[in-house]
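>
In UniProt numbering, the protein residues as written are 1 to 283.
Set out below in C-alpha cells:
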C-alpha cells in the first residue's frame, strides 16, 4: 500500500495490483462496493487504466500485527485489545449475517486488521473474499489464505463456510492474549520446530494446571495489567472458535455477544484500577 491525496485533500491508501491479479481486484471491488460498515475499511475509488488501483480510506495507525509485535508502537492495554477484538468481530458479523449475498473473508489475520488513531479496528483486504448463498452452506474451493489461520477442513478438503473466518478470528484472539504470531518459531528462527499458536494454547488448556500454562503464554507487555477472569474468558472463546469440528464453532454473532460482555468486564476493571493501568501503560 502507498499513501496518496484525494481531490478533496484528504489522505488515502492506494493499493496497486498486478494486471494478472484481475480476479482478486474484481473480488475486492465487488465486495467493497456492496458492504458499508464502521468496522470495514471503506473503498473510496478505483482505477483500471494501465494498472489496477484500489483507493481506500486512510487508516493511519498501522495494523494489529505491528501493534502486537512491532517496536514503533506503545504496547496495547488489555482494554484496547478487547475493543479491537470487538470491533473486528462486528465487521465480520456484518458480512456473515447482514449482507445479501453472505461473504466469507478467507484471510482474517492480525495484519488485515487496521487500527485508527483512536485505537479502533477495521477489517481490510477483501481480495480473497468468497460469496455464498444465504444460509452459509459449505462450499469447496482451492485453498488460499495464510498458514496458521486456516482450519483443518479447509486445508485438507478445501471446504469453506463462514466457520473458516471464525477459526481465523480465534487465532487472532490468541494473538491478542499472547502477543505471539500465529506460527511460533524457535528462538533461532529456524522453520523446524515451529508450532501453531492454536496448538500451544490447547496444550496449556489440557495441562494438569491450565492456569499455570496460560500464564506462560500471556503477553509480557501486559505486565500485571489485566483482569485474570477476562483473560480466561477470551481464551475459552478463542478455543471455541478454533474447534476442529466447524459445527462446534460459534457464529460471529455469538462471538460479538461474548466480547461485549468481556468489554464491559475489562472497562469496569480499568475503572477500579486506574493507578495500575496508568503505571503499566506509562501514562
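Yeah, the Cβ is synthetic: ideal placement off N, Cα and C, and Gly gets one too. It should be emphasised that the depicted structure is a prediction, and the values quoted were computed from it without experimental measurement.
Please classify residue 90: is it buried, with 16 or more other beta-carbons within 10 angstroms of its beta-carbon, or exposed?
Answer is buried; the Cβ neighbour count reaches 16.
> When you compare only the Cα positions, how much space is there between residue 290 and residue 76?
Lying before the first or after the last residue shown, residue 290 is absent from the chain, which here runs from 1 to 283.
> Alpha helix (DSSP H) containing residue 198: first to last residue?
Note, residue 198: alpha helix (DSSP H), 197-205.
> Any idea if residue 209 is buried or exposed, counting beta-carbon neighbours within 10 angstroms, 16 or more meaning buried?
When all chains shown are included, residue 209 counts as exposed.
> Given this structure, state the Cα-to-Cα distance separating residue 102 from residue 35, to the nearest angstrom.
For residue 102 and residue 35, the distance between alpha carbons rounds to 10 angstroms.
> Hey, residue 164 and residue 152: beta-carbon distance below 8 angstroms or not?
The answer is no: Cβ separation not under 8 angstroms.
> Using a Cβ-Cβ cut-off of 6 angstroms (strictly less than) and excluding sequence neighbours within five positions of residue 182, which residues of its own chain qualify?
Closer than 6 angstroms at Cβ, skipping near neighbours: 148, 149, 171 and 197.
> Check this for me: beta carbons of residue 201 and residue 167, under 8 angstroms apart or not?
For residue 201 and residue 167, no; Cβs fall outside 8 angstroms.
> When burial is assigned at 16 or more other CB atoms within 10 Å of the CB, is residue 112 buried or exposed?
Buried, since its Cβ has 16 or more Cβ neighbours within 10 Å.
> Out of 251, 45 and 203, point me to the one whose CA is closest to residue 104's CA.
Comparing Cα positions, the closest option is 251.
> Pick helix, strand or coil for residue 121, following the three-state DSSP scheme.
Of the three classes helix, strand and coil, the one that applies to residue 121 here is strand, per DSSP.
> Does the distance from the CB of residue 266 to the CB of residue 227 come in under 8 angstroms?
Their beta carbons are under 8 angstroms apart, which means residue 266 touches residue 227 by this criterion.
> Going straight from the alpha carbon of residue 119 to that of residue 222, what length do you get?
One C-alpha to the other measures close to 16 angstroms.
> Counting only the same chain and skipping the five closest in sequence on each side, list residues whose C-beta sits under 6 angstroms from that of residue 99.
Here the set comprises 35.
> Which residue comes first and which comes last in the alpha helix (DSSP H) that contains residue 76?
Where residue 76 is concerned, there is no enclosing alpha helix (DSSP H), given that its DSSP letter is neither H nor E.
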